[in-house]
Amino acid sequence: MILDSVGWRLSTIPGCWAEQQAVRRQKPAEIHPNPLRPKDESLGFFGCREDLPLCSPKFKVSVNLLLTLLLFLPDIPLPSPSPLPPPLLPATPTAGSCTVFAALSPDLVIPKVRIPQRTPDQPVLFPPPENPLSTTTTMSLFSYVASGISSFVVFTLSLFALGQKVPRAAFVARCLAAYGSLLLCATYGVVASIVLRIAGYGRISQYATARSFKWVMRYTTGVTFNIIEGAEHLNTRPAVFIANHQSELDVLMLGYIFPPYCSVTAKKSLKYIPFLGWFMSLSRTVFIDRANRETAVKAFDSAADEMRNHRQSVFIFAEGTRSYSDTPELLPFKKGAFHLALKAGVPIVPVVTENYSHVLSPRNMRFEPGTIKIKVLPPISTEGLTTADIDALTKSTRESMLKALLELADKDKQEVDSTVAANGKSTAVEL
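Number 1417 in the numbering used here belongs to position 427 of the sequence shown; there are no gaps in the numbering.
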């Protein structure tokens, strides 16, 4: 395109244009005689003689390179024009134009317009131009958060209302309410951890946040926990508290049993979850990297020093992961909690939560309000034990917890049977 434009401009040179027209019309006799070139020489690419200075190949290449460079030159900002002076209206109104129209058309009725008097040096005031940014609605961060929370609440309440007819909608609604409550409590935990650490009480930040889990999720999900036996054993300090892990609902369970001056252990991946990970990092959570044994051992060594020096307890889910079991059973126990208890020289306090598949069952998409029973077993001393006793200690602790879990299941079954019998008896009396 660049060569074509240059060629078109060069073809307007006198002599070249005449030759081009002669070739097109096939009238070679009308070509102007030129002693610099024989008559039988063909025309160049631009329709002119290539032996001329402006039509030589070197000139074409030079022009092409020059135009190409011009295309890639940066834009040079032009100076802004100076503002025009404001228009000045005449000091006194003139009616010259009105007089001319009146003379041309005597029947023309000219309205009387009152023009304000103004001195020549008085500037004319124009309204300021509208700023497009000022007309747009700029929402602050608080507005975004408030709108998001309100939308989440309205959507969850709508699912709760729909759950009266569709059970799965109620399951989704309670799950959303539980996760929303968890996010709210984690945000509170971030603030509480910072304030308590500044005040010198940073080691009870997890206890304070666990209490918020208890009260917030109690009203959003309708689930409560009840310690039916061994509540006095929660005052053991320092100790390693171990519990069975069934689902995410165990976070709510911590709000009911979590003692002061206690830290929870968690897998390292939870550290990078917004709000929840921030709270756990600020509240001295013991993060365990399951893929790296060396870092896991260092984390337990640091926790053992904290337990010995500051009498800080540690809470661990012995199974290492969630079971999601619909029957009262336990997964194999990990040995990290028992190594920590032996290293710190503290007792082990087992905490057993009954199987609550009647309240929450992700497999069956069931999430209903209810009460879940907890049993705290007596502390197990680790005094005089060595690493050679770890396997036996792990096995005996698991057996005692499984026995308590089965007892809780039998007690629930007896309560259900007695309730059914009572309902049947009352119905028979009514009949």
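Each residue gets a CB set at the ideal place from its N, CA and C atoms; glycine is no exception.
These numbers were taken from a predicted model, which means no experiment stands behind them.
One Cα belongs to His-1329, the other to Leu-1375, and the distance between them is close to 10 Å. Per DSSP, the unbroken beta strand (DSSP E) holding Ile-1306 starts and ends at 1303-1307. Taking the C-beta atoms as reference points, Thr-1372 is found nearer than 8 Å to Val-1336. Across the structure, Pro-1369 and Thr-1177 are spaced so that their CA atoms are roughly 34 Å apart. In the DSSP assignment, Val-1162 falls within the unbroken alpha helix (DSSP H) covering 1157-1189. Where Asn-1299 is concerned, the enclosing alpha helix (DSSP H) starts and stops at 1283-1300. Around Leu-1131, the same chain offers no residue with a beta carbon nearer than 8 Å, after the five sequence neighbours per side are excluded. In the three-state reduction of the DSSP assignment, Phe-1328 falls in the helix class, which pools H, G and I. DSSP lists Ile-1232 as the bridge partner or partners of Pro-1340. Sixteen is the threshold: when 16 or more other Cβ atoms of the shown chains lie within 10 Å of the Cβ of Pro-1249, as they do, the residue is buried. Boundaries of the beta strand (DSSP E) around Thr-1361: 1360-1366.
If you look at Phe-1132, you'll find it isn't in any beta strand (DSSP E); it sits in the alpha helix (DSSP H) that goes 1131-1152. Shown here for Gly-1267: same chain residues with a beta carbon closer than 7 Å to its own, the five before and five after excluded, namely Leu-1260, Lys-1261 in chain order.
For Ala-1378, there is no enclosing beta strand (DSSP E), as DSSP gives it neither H nor E. Look at Thr-1255 here: in three-state DSSP terms it is strand. Nearest Cα to Glu-1319 within the set Gly-1212, Val-1144, Val-1206, Leu-1398: Leu-1398. Note that the segment 1162-1180 touches the segment 1206-1215; at least 3 beta-carbon pairs, one per stretch, sit closer than 8 Å.
Rounded to whole angstroms, the gap between the alpha carbons of Ser-1313 and Ser-1140 is 34 Å.
Straight-line measurement puts the Cα of Ile-1380 at about 34 Å from the Cα of Phe-1203.
The segment 1294-1311 and the segment 1222-1231 touch, with three or more beta-carbon pairs separated by less than 8 Å. Beta bridge pairing from DSSP links Asn-1216 with Lys-1363. The beta carbon of Pro-1352 sits closer than 8 Å to those of Ser-1237, Tyr-1314, all from its chain and outside the five residues before and after it, given in chain order. Inter-residue distance for Thr-1211 and Pro-1359 is about 6 Å (C-alpha atoms, whole angstroms). The continuous stretches of alpha helix (DSSP H) do not include Val-1276, which lies in the beta strand (DSSP E) extending over residues 1276-1278. Residue state for Phe-1269 is assigned as helix, using DSSP reduced to three classes. By the beta-carbon neighbour count (other beta carbons within 10 angstroms, threshold 16), Thr-1387 is buried. Closest option to Ile-1364, judged by alpha-carbon separation, among Ala-1293, Ala-1221, Ala-1327, Lys-1385: Ala-1221. Scanning Ala-1286, Gly-1310, Arg-1193, Lys-1257 for the CA closest to the CA of Arg-1274 turns up Arg-1193. When Gly-1326, Glu-1389, Phe-1161, Val-1143 are compared, the shortest CA-CA separation from Val-1276 is found for Gly-1326. The beta carbons of Leu-1332 and Thr-1377 sit closer together than 8 Å. By the neighbour-count criterion, in which a residue is buried when 16 or more other Cβ atoms sit within 10 angstroms of its Cβ, Ser-1253 is buried. With contacts defined as CB atoms closer than 8 Å, Ile-1218 and Ile-1247 fail to qualify as a contacting pair. Here Arg-1312 carries a coil assignment [DSSP, helix/strand/coil]. DSSP places Arg-1353 in the coil class of the three-state scheme, outside both helix and strand.
The Cβ-Cβ distance between Asp-1291 and Thr-1285 does not fall below 8 Å.
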